[in-house]
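Below is one structure, written out as structure tokens; comments come after it.
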Ligand code: GDP
Ligand code: MN
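In structure tokens form, the structure reads like this:
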């Protein structure tokens, strides 16, 4: 579960990580009043469950209470990265000397935690990791291990902190680790950690995700007003639609629409598409024994997705039946129509009946089959995957 910046900052502050205490507002009047109370320039930050707000216009500055009021009004009226803005964090504007990055996340490959630091903060760390990974310092941590102060200090030294600041930043690193473990986090991130012109270190942004499966261990979060939430704020419109239909669905950033028979086939298909140089546009599970209606809806999700350039379909009839599969596809073709090239493979339970349904329908309505290639056991799954990638590239 992802936390809002202001929620994560509450936890930061409990763990001794320095923040400025701002106020969360829901109206422009509240923003104005708080700016008056502060008597200083303020930063206005849209509280949405997404990063990259700065670039997207979700972080604004105001010199006066009047300006704070106006800009708050503007922020409430716009969508930031497709998210409506319902809450804004008003905070003292810090004078920046330098920005840093400090974060901890899971290292899923080595079954450890990893602390990351970079002396360029504010920018997207993923970008730096890709372009110039040497600029990021990593230290690997065992979950059960204590994070000794000297390791925090060595991180601080690497970030260029000296003297008293070395210990101070070292402590921030130690606290971040304690916080991570205390709340079964998947990610805690300070980006940027700001060194102000008057020599203070402040966490200017806070990002934190708690493992959903561990939430039951943290009733204190709810006591602090951090309610368990569905991550709907983070879902795309398509993912929300899929959820309403009861279809497990996730948008990815490729262009091959994945219409697999079951999650296992989905994972394998995903690997095959990558192997042949393509990129899946989604992950989807049909659930055991999907009805034709459900299958038709799965196809609607793909066909209406502008990122999808070709559709890869693989049905292995195990619990599910190929005749139902064929009925679902036919239902979709007749009622909705297919606008993308699709390559299908169908084998297993009731396969012959599935083939018969397709054949019969195609004789009646050849034009609705215009964009489909249907294969059976004679065509290996690799061929289907390759073909789907090819079709996406051609489109
Ligand atoms: P994000 O873009 O969603 O990660 O939002 P951030 O909270 O990180 O803000 C984006 C950028 O705005 C930061 O990298 C800073 O450069 C700037 N920023 C945020 N808070 C302050 C502040 O208090 N003072 C100043 N001067 N800049 C800030
Ligand atoms: Mn940030």
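Residue numbers (this note's numbering): 1 to 395. Where a beta carbon is used, it is the ideal one built from N, C-alpha and C, also for glycine.
{"Check": "By Cβ distance, which residues of its chain are closer than 6 Å to residue 211, with the 5 residues on each side in sequence left out?", "Outcome": "184, 186"}
{"Check": "Give me the Cα-Cα distance between residue 272 and residue 122, rounded to the nearest whole angstrom.", "Outcome": "36 Å"}
{"Check": "Decide yes or no for the touch test of the stretch 335 to 345 against the stretch 375 to 387: beta carbon pairs closer than 8 Å, at least 3 of them.", "Outcome": "yes"}
{"Check": "Taking 8 Å as the threshold (beta carbon to beta carbon), is residue 108 in contact with chain C?", "Outcome": "The structure shown contains no chain C; it is built from a single protein chain."}
{"Check": "Below 8 Å on the Cβ atoms is my guess for residue 90 versus residue 44; work out the distance and round it to an integer in Å.", "Outcome": "6 Å"}
{"Check": "Grab me the residues of residue 241's own chain with a C-beta within less than 8 Å of its C-beta, minus the 5 sequence neighbours each way, in chain order.", "Outcome": "301"}
{"Check": "Could you tell me which whole alpha helix (DSSP H) segments of length 4 or greater appear in the stretch 222 to 256?", "Outcome": "237 to 244"}
{"Check": "What residue range does the alpha helix (DSSP H) around residue 176 cover?", "Outcome": "164 to 182"}
{"Check": "Would you grab the beta carbon distance between residue 334 and residue 357 for me? Rounded to a whole angstrom, and I think it's under 8 Å.", "Outcome": "Incorrect: roughly 12 Å between the Cβ atoms, too far for contact."}
{"Check": "Take the Cβ of residue 304 as the centre, count every other Cβ of all protein chains shown within 10 Å, and call the residue buried at 16 or more, exposed below.", "Outcome": "exposed"}
{"Check": "For ligand 2, I want to know if residue 165 counts as a neighbour, meaning its beta carbon is within less than 7 Å of at least one of the ligand's heavy atoms.", "Outcome": "no"}
{"Check": "I'd like to confirm something about residue 57: is its beta-carbon nearer than 7 Å to some heavy atom of ligand 2, or not?", "Outcome": "no"}
{"Check": "Rounded to a whole number of angstroms, what is the C-alpha to C-alpha distance between residue 128 and residue 120?", "Outcome": "9 Å"}
{"Check": "Hey, would you say the C-beta of residue 94 is under 7 Å away from at least one heavy atom of ligand 1?", "Outcome": "yes"}
{"Check": "From what residue to what residue does the beta strand (DSSP E) around residue 185 run?", "Outcome": "185 to 196"}
{"Check": "With a cut-off of 8 Å on the beta carbons, I'd call residue 6 and residue 47 a contact; round off their distance for me.", "Outcome": "6 Å"}
{"Check": "Identify every residue that forms a DSSP beta bridge with residue 321.", "Outcome": "Looking at the DSSP assignment, residue 321 forms no beta bridge with any residue, so it has no partner."}
{"Check": "Along the chain, where does the beta strand (DSSP E) containing residue 112 start, and where does it finish?", "Outcome": "112 to 118"}
{"Check": "Roughly how far, in whole angstroms, is the beta-carbon of residue 292 from the beta-carbon of residue 324, given that I think they are within contact range, below 8 Å?", "Outcome": "6 Å"}
{"Check": "In whole angstroms, give me the CA-to-CA distance for residue 336 and residue 299.", "Outcome": "9 Å"}
{"Check": "For my contact list, residue 23 and residue 34 are in at a C-beta cut-off of 8 Å; report their separation, rounded to the angstrom.", "Outcome": "5 Å"}
{"Check": "Got a list of residues with beta-carbon closer than 7 Å to any non-hydrogen atom of ligand 2, in chain order?", "Outcome": "51, 54, 122, 191, 192, 205, 207"}
{"Check": "Under DSSP, the beta strand (DSSP E) around residue 98 begins and ends at which residues?", "Outcome": "96 to 107"}
{"Check": "Measuring only the C-alpha atoms, how far is residue 228 from residue 383?", "Outcome": "44 Å"}
{"Check": "Suppose contacts are defined by Cβ-Cβ distances below 8 Å. Is residue 52 in contact with residue 81 by that definition?", "Outcome": "yes"}
{"Check": "Have a look at the DSSP bridge pairing and note the partners of residue 345.", "Outcome": "314, 375"}
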